[in-house]
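Sequential numbering of the sequence shown, starting at 394, is according to our numbering. Built from N, CA and C at the ideal position, the CB exists for glycine as well. Presented below is the structure to which this report refers.
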Amino acid sequence: MSNVAKIVPDGAELTDGFHLIMDALEMNGIENIYGLVGIPVTELGRMWQARGHQFYSFRHEQNAGFAASIAGYLTKKPGICLSVSAPGFLNALTALANATTNCFPMVLISGSSEREIVDLQQGDYEEMDQLNIARPHCKAAYRINRPEDIGVGVARAIRAAASGRPGGVYLDIPARLFCETLSAEKGEQSLFAPVDPSPVQLPGPDAIERAAKLIREAERPLILLGKGAAYAQCDDEIKALIEETGIPFTPMSMAKGLLPDTHPQCASAARSMVLKDSDLVVLIGARLNWLLAHGKGKTWGGGLKQFVQIDIQADEMDSNVPIAAPLVGDIESCVSLLRPALRGMQKPSEWAKAVAEKASGNRLKLAGKLTKPTAVMNYHNSLGAIREVLKNYPDITLVNEGANALDNARMIIDQYKPRRRLDTGTWGVMGIGMGFSVAAAVETRAPVVAVSGDSAFGFSGMEIETITRYKLPVTVIVMNNGGIYRGDETNEASDQAAVTVFNSSTRYDQMMVALGGEGVRVTTPEELAEALERSIKSGRPTLIDAIIDPAAGVESGRIGNLNVVSTIGKK
Ligand code: OXT
Ligand code: ADP
Ligand code: MG
394 MSNVAKIVPD GAELTDGFHL IMDALEMNGI ENIYGLVGIP VTELGRMWQA RGHQFYSFRH
454 EQNAGFAASI AGYLTKKPGI CLSVSAPGFL NALTALANAT TNCFPMVLIS GSSEREIVDL
514 QQGDYEEMDQ LNIARPHCKA AYRINRPEDI GVGVARAIRA AASGRPGGVY LDIPARLFCE
574 TLSAEKGEQS LFAPVDPSPV QLPGPDAIER AAKLIREAER PLILLGKGAA YAQCDDEIKA
634 LIEETGIPFT PMSMAKGLLP DTHPQCASAA RSMVLKDSDL VVLIGARLNW LLAHGKGKTW
694 GGGLKQFVQI DIQADEMDSN VPIAAPLVGD IESCVSLLRP ALRGMQKPSE WAKAVAEKAS
754 GNRLKLAGKL TKPTAVMNYH NSLGAIREVL KNYPDITLVN EGANALDNAR MIIDQYKPRR
814 RLDTGTWGVM GIGMGFSVAA AVETRAPVVA VSGDSAFGFS GMEIETITRY KLPVTVIVMN
874 NGGIYRGDET NEASDQAAVT VFNSSTRYDQ MMVALGGEGV RVTTPEELAE ALERSIKSGR
934 PTLIDAIIDP AAGVESGRIG NLNVVSTIGK K
């Protein structure tokens, strides 16, 4: 009972909601909370610190939520975000929804106003029916109404977030509950940690047999790794499957580094070729959503492809196209059962050779562009300089957002280790940058480099104060081209600035200096490389304002095809 409050009126030992919530979180192995305090949760933050844990206090709840969600992805344990009621809750909700969309385990705990006033709409302080608003945006949403239910409420939230397909969970705590008391003994008896919160899930032997048969028979097989494969943390199994079968693989963006991008079977640099020409694709923890052109059409060579799909979510199968061999189960179990079933299979050597040749040709072509000097830096030579520095620091986490800044960095910067590239994910959401950076530095205890477009950075830029306050080893590189996609658009209709254009004179480096870190502005790849190297070595929070040619980008980066334009012209 060491962590139980010892309030002793009439000799009875009491505990309360504050203490029980903390006891329950501790029992579930939670160490870090990401949040923003105010009525009614300030005391919880203070008391959490008083117990010797970490509370990372942000400037905006969305960034705290992004931090919690990526902490969950990195550790396989739900990340915890704490917010105040109505506006604070809503600010965090985008991050909760993004966690659910990306399959990141997180729990958003928000204080809420008094039920009897909210339900009669009598105008309480920050009145809002948070539980019902959260429900469609997360995997599960619960409210705890009695102190004796805190144990079960927290346990349910943790299990719901981590089990099966991971996702976001909302936990509503009415303000009054924090102070409600209960006998310390009863309180202690009510707490528990869920046993085996993310149980293994085995596919049937027939499903393994079916998948193995298709893979053995394929002439041009491809393994496609998604961020589910990185999340599963069974890196050695996946590497063994790939190397034993000799099948070329290509990673989705956050699966980069699961095997090094420089691995001889890595087909990233021949992406269009392998998607189009393969005759069988083994999806491991990747969905056939928009990022994979829904598994059909020109990208996939026109006709219907054969797919083997490994996923823990049964109804993911056939979501876009028929799946010839569904393997429903956790990735580690599926891969470890598939390997012996494929033992002795003939490696697709000719196909693998053709893919390797195409990939190495493309890598060579790209290499030429990465060192080519230009009057003003472009994406190729600036990112080429970053790539050369980061080669020597494989443990660094790269956080990446923007459009051209995102797409070019994904293509140019090689990853060497699993879960070291974090980006805008399934939604392509801007604003993950600083929240992800804080959590990555905290959870990996290694340096972080964020490469952000200048627009992307603006969504969470104020958190550089959070980064300096906690003295985190984060280097932010703002790819400053003066706008969204480009900085050179003109408004033909009036003298108002064009919709995509920002002030060209903005000094992001000075912003960092004002907020307590190091700031440097660079205009050449050499200066950029030197500043990055210095920053990583110093471990000091640093912002490098990298001046990029305003005309270097393209509208929407690599996904310009998704833009909609009027067919009858502008008025
Ligand atoms: O095979 P081919 O020949 O096709 O070539 C491919 C590979 O083989 C090759 N490649 C290589 N070659 C050589 N060597 C190596 N190592 C190598 N590796 C690969 O390169 C090509 C391309 O490969 P890739 O990228 O793998 O393939 P591809 O075909 O592009 O893949 C398809 C996709 C869909 C999987 C991929 O493109 C992808 O993952 N895309 C993600 C796109 C995305 O999510 N974008 C972000 C959203 S854009 C837009 O929405 C923005 N907004 C609106 C907004 C958002 N998003 N959020 C919120 C909250 N509010 C508003 C905004 C405001 S972006 C944005 C800001 C933009 O401005 P910034 O200033 O921030 O940024 P800048 O643009 O820099 O100014
Ligand atoms: P990407 O964007 O990299 O293609 P997605 O987010 O689309 O990846 O897909 C991730 C998939 O991984 C989800 O369908 C999710 O259900 C699945 N997944 C996550 N963890 C596991 C796991 N441990 N075992 C099996 N599938 C998993
Ligand atoms: Mg920009």
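Verify whether the separation of the beta carbon atoms of residue i and residue j is less than 8 Å.
i, j, result
"F852", "G824", "yes"
"I857", "L799", "no"
"C627", "E725", "yes"
"V915", "A939", "yes"
"L584", "L413", "yes"
"I473", "L418", "yes"
"I432", "G557", "no"
"G367", "A554", "Limits of the chain in this structure are 394 at one end and 964 at the other, which puts residue 367 out of reach."
"R549", "Y535", "yes"
"P719", "A600", "yes"
"V714", "L697", "yes"
"E630", "V511", "no"
"E424", "A479", "no"
"R569", "E507", "yes"
"N771", "I941", "yes"
"I789", "P840", "yes"
"D672", "Q702", "no"
"Y878", "G946", "yes"
"A622", "E406", "no"
"G690", "K669", "no"
"K751", "M666", "yes"
"V477", "V434", "yes"
"L607", "A717", "yes"
"V593", "D723", "yes"
"K470", "Y624", "no"
"V674", "L617", "yes"
To which residues does DSSP link residue i through a beta bridge?
i, result
"S476", "S503"
"M872", "G846 and A939"
"S928", "DSSP lists no partner for S928."
"Y535", "L564"
"D704", "V721"
"L617", "T643 and L676"
"Q699", "L673"
"S726", "S726 pairs with nothing; no bridge assigned."
"G428", "S450 and L475"
"N793", "D816 and V844"
"R569", "Bridge partners of R569: none, in fact."
"R969", "Outside the displayed span of the chain (394 to 964) sits residue 969, for which this structure offers no information."
"G690", "G695"
"C659", "F642"
"V867", "V841"
"V667", "BP columns for V667 are empty, so no partner."
"V894", "G876"
Would you mind giving the Cβ-Cβ distance between residue i and residue j, rounded to the nearest angstrom? I have them listed as a contact below 8 Å.
i, j, result
"Y449", "F497", "Actually they are not in contact, since the Cβ atoms of Y449 and F497 sit about 17 Å apart, beyond 8 Å."
"M546", "L564", "Reading the sequence as shown, one finds Gly at residue 546 and not Met. Sure, about 6 Å apart at Cβ, within 8 Å."
"E911", "P934", "7 Å"
"I635", "L652", "6 Å"
"S830", "V769", "With a Cβ gap of about 27 Å, S830 and V769 do not count as contacting."
"N785", "A663", "Contact doesn't hold; Cβ gap of about 26 Å is too wide."
"A802", "V844", "5 Å"
"G619", "G678", "4 Å"
"K810", "G650", "5 Å"
"D816", "E836", "16 Å between Cβ atoms; not a contact."
"A834", "L865", "4 Å"
"G438", "V430", "4 Å"
"S775", "L936", "Not quite, the Cβ-Cβ distance comes to about 15 Å (not below 8 Å), so this is no contact."
"I805", "T868", "The Cβ separation is near 17 Å, so there is no contact."
Verify the CB distance criterion: does residue i have a CB-CB separation below 8 Å to chain D?
i, result
"G431", "Among the protein chains of the structure shown there is no chain D, as only one such chain exists."
Would the stretch 607-617 count as touching the stretch 560-574 if we require 3 or more Cβ pairs under 8 Å? no
When you compare the stretch 478-497 with the stretch 889-904, are there three or more beta-carbon pairs, one atom per stretch, that lie closer than 8 Å? no
Segment contact flag, the stretch 916-936 with the stretch 779-797, C-beta cutoff 8 Å, min 3 pairs: yes
Below 8 Å, can you find three or more Cβ-Cβ pairs linking the stretch 469-489 to the stretch 524-535? yes
Just checking, does the stretch 638-649 make contact with the stretch 739-759 on the three C-beta pairs under 8 Å criterion? yes
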